[in-house]
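Here is the structure we will look at.
Number of protein chains: 2
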Amino acid sequence: MLFTTGDKFAAKFVVTKAVYDGFISVFKDKNPLHVDESFAMEHGFKGRVMHGNILNGFLSWFIGECLPAKNVIIHSQEIQYKNPVYLNDNLSFDAQVTGVFESVDVIEFKFSFKNADALVVAKGKFQIGLI
Amino acid sequence: MLFTTGDKFAAKFVVTKAVYDGFISVFKDKNPLHVDESFAMEHGFKGRVMHGNILNGFLSWFIGECLPAKNVIIHSQEIQYKNPVYLNDNLSFDAQVTGVFESVDVIEFKFSFKNADALVVAKGKFQIGLI
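Chain order of the listed sequences is A and B.
Taken in order, the first sequence gives residues 1 to 131; the numbers are from this note's numbering.
Taken in order, the second sequence gives residues 132 to 262; the numbers are from this note's numbering.
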């Protein structure tokens, strides 16, 4: 088994304008919180809040491209959003293996995204299977 | 309150080539399961499996654009992937309000995506807050 409980992984992500514009171009979510600076500020945010599901896109890349096995498929994901992410935020991603179930080729992870102020912006867990 | 427990919503999505190519262009997840037809078929799939997080992008649009309130933010999401989604699959999305917590302006939903064979491809729940 390529995974052991306690294994740690890390990655860096930036919510660039290309990522933000690309996400909107693909998924068409133009909720005012994401696109209207005034609306976002009236509701107590520093500026337009980036779509939470951009982080799930980053997670897709991590699972598909950064693990020591390529023969993986996601079984489930959970994410809790704790603090807003803004345009050009630099995010530190950490993941850790929390369980390895060899008889069914399933591996569980927990993860977090932190911003440049070391504030957790999102955390959660996911389960993958080996195919 | 604009939401009542039991409220139902529905939407249709297609995983078009534009969505698939766009997702890869934004997030760079080129895991062979998603881009290599032979690899996917060798592992028992009918063809390239679409990224599960494309469904989370659809969910972003639903939450941001289709609800009776625009002043919403996602608190948390959970998704379980049950069956593969392939290119050009037509997906029926159903969501239902499972809880309304007025004192904290929080609304809980459950949802499912079904393919054209009425097979559940993914299901889960999410919680939003009114801002």
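We put the beta carbon where it would ideally sit given N, CA and C, even for glycine.
- A Cβ-Cβ separation of about 18 Å leaves Ala141 (chain B) out of contact with Asp248 (chain B) under the 8 Å criterion.
- Under DSSP, the beta-bridge partners assigned to Tyr212 (chain B) are B:Ala253.
- Contact residues of the segment 69 to 89 of chain A toward chain B are Lys70, Asn71, Val72, Ile73, Ile74, His75, Ser76, Gln77, Glu78, Ile79, Gln80 and Tyr81 (C-beta to C-beta distance below 8 Å).
- What Gly99 (chain A) touches in chain B, judged by beta-carbon distance under 9 Å, is nothing: the nearest beta carbon there is about 16 Å away.
- Counting C-beta pairs closer than 8 Å gives three or more between the segment 26 to 36 of chain A and the segment 190 to 208 of chain B, which meets the contact rule.
- The segment 77 to 96 of chain A and the segment 38 to 50 of chain A touch, with three or more beta-carbon pairs separated by less than 8 Å.
- When the beta-carbon positions are compared, His43 (chain A) and Gly129 (chain A) stay at least 8 Å from each other.
- Using a C-beta cut-off of 8 Å, the segment 20 to 30 of chain A makes contact with the segment 144 to 161 of chain B, since at least three inter-stretch Cβ pairs fall below that distance.
- Taking Val145 (chain B) as reference, the option from B:Leu186, B:Val235, B:Asn202 and B:Thr229 with the minimal CA-CA separation is B:Leu186.
- Burial check for Ser191 (chain B): the Cβ neighbour count within 10 Å reaches 16 or more, so the residue is buried.
- If you compare the alpha carbons of A:Ala122, A:Lys12, A:Asn71 and A:Leu2 with that of Leu91 (chain A), the shortest gap goes to A:Lys12.
- Ranked by Cα distance from Val252 (chain B), the options B:Gly137, B:Thr147 and B:Asp220 are led by B:Asp220.
- Every beta strand (DSSP E) of 3 residues or more that sits fully in the segment 165 to 253 of chain B is shown, in chain order, as 203 to 212, 221 to 232 and 237 to 245.
- Under the Cβ distance rule, Phe3 (chain A) does not count among the residues neighbouring chain B, no pair being separated by less than 8 Å.
- For Glu65 (chain A), the chain B residues whose C-beta falls within less than 8 Å of its own C-beta are Lys159, Asp160, Lys161 and Asn162, listed in chain order.
- Look at Val157 (chain B) here: in three-state DSSP terms it is helix.
- Below the 9 Å Cβ cutoff, chain B contributes Val157 and Phe158 as neighbours of Val19 (chain A), in chain order.
- Under the three-state reduction of DSSP output, Val146 (chain B) falls in the coil class, being neither helix nor strand.
- The beta-bridge partner set that DSSP reports for Phe9 (chain A) consists of A:Ala95.
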